[in-house]
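Under this note's numbering, think of the first position of the sequence shown as 169, with each following residue one higher.
Working notes for the structure below.
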Amino acid sequence: MDFLNTSFTPDGAPAEAIGDGRSFIDWLVRAALLDADDAARWKRRFHTEALDAAAAEARKVRQWVQEWISKWRDAPAANYEREVRRLNALIERASSYRELVVTKGGLQMTERLEIGAADDLIALVAAQIAMFIVTEQPTLVKRCAGPTCTLWFLDRTKAHRRLFCSAAACGNRAKVAAFRKRQRAN
169 MDFLNTSFTP
179 DGAPAEAIGD
189 GRSFIDWLVR
199 AALLDADDAA
209 RWKRRFHTEA
219 LDAAAAEARK
229 VRQWVQEWIS
239 KWRDAPAANY
249 EREVRRLNAL
259 IERASSYREL
269 VVTKGGLQMT
279 ERLEIGAADD
289 LIALVAAQIA
299 MFIVTEQPTL
309 VKRCAGPTCT
319 LWFLDRTKAH
329 RRLFCSAAAC
339 GNRAKVAAFR
349 KRQRAN
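Listed below in structure tokens is the structure:
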């Protein structure tokens with residue numbers, strides 16, 4: 169869900185979390201899809217233009233995934249072969265291997281990622297999207313009902329009737345607006 173929410177409208181003003189290549193890599197670290205050492209290595213290895221192109225592709229993929237998730241939420245049993253092929257093509261752009269490493273805590277198995285070009289970083293996101301699709305229930309995926317909010321969330325409430333991304337933010341705004349409307353009517 170985090171990837172879908174990298175473009176948002178706090179207080180009605182559009183904001184972009186992956187506006188350029190460096191911010192895309194920083195977001196991958198915050199999302200725990202990339203560790204800080206690899207992030208630093210790839211920032212040094214790839215030119216700014218290549219990283220910016222990777223971020224631009226990520227924004228396009230985000231738009232496509234938002235559209236797909238909306239369809240999937242409304243029709244989970246539909247045929248999504250085309251979407252699956254496209255997602256698999258993105259996943260295949262990177263390869264990984266397992267490696268035994270020595271750490272301060274002892275031996276540890278780790279997964280190493282092979283990235284040939286900056287735009288292959290999207291494979292990290294694509295793999296997470298695929299995992300999301302196969303593990304989550306489509307009926308629990310919702311968009312915030314706030315009139316200016318663009319955030320997505322998983323409704324984990326018992327009754328599955330959650331409307332807002334945050335009760336403290338959008339939910340409170342809706343309650344205040346309803347209260348003011350009632351006050352004006354009186």
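The beta-carbon is built from N, C-alpha and C at its ideal position, and this holds for glycine as well.
Report the residue from the options whose alpha carbon sits nearest the alpha carbon of residue i.
i, options, result
"C338", "P315, R227, R348", "P315"
"K228", "A200, W320, D203, E184", "E184"
"F171", "A181, D194, D179", "D194"
"C312", "T325, C333, I297, A298", "C333"
Do residue j and residue i count as a contact pair if the criterion is CB distance below 8 Å?
i, j, result
"A223", "S264", "no"
"A294", "I259", "yes"
"A226", "I186", "yes"
"W210", "I301", "no"
Does DSSP put residue i in a helix, in a strand, or in coil?
i, result
"E225", "helix"
"E267", "strand"
"R329", "coil"
"R241", "helix"
"F171", "coil"
"I297", "helix"
In the DSSP output, which residue or residues are listed as bridge partners for residue i?
i, result
"V302", "Partner(s): none; V302 has no beta bridge."
"K310", "F321"
"F439", "Residue numbering for the chain in the displayed model covers 169 to 354; residue 439 lies beyond these limits and cannot be assessed."
"T278", "E267"
Can a CB atom of chain D be found closer than 8 Å to the CB of residue i?
i, result
"A181", "Among the chains in the structure shown there is no chain D, since it carries only a single protein chain."
* Could you say if the segment 240-253 and the segment 285-296 meet the contact criterion of at least three C-beta pairs nearer than 8 Å? => By the C-beta criterion, the segment 240-253 is judged not to be in contact with the segment 285-296, since fewer than 3 inter-stretch pairs fall below 8 Å.
* Asked: Is it a yes or a no for the segment 213-227 touching the segment 265-274, going by three-plus beta-carbon pairs under 8 Å?
  -> The segment 213-227 vs the segment 265-274: no contact.
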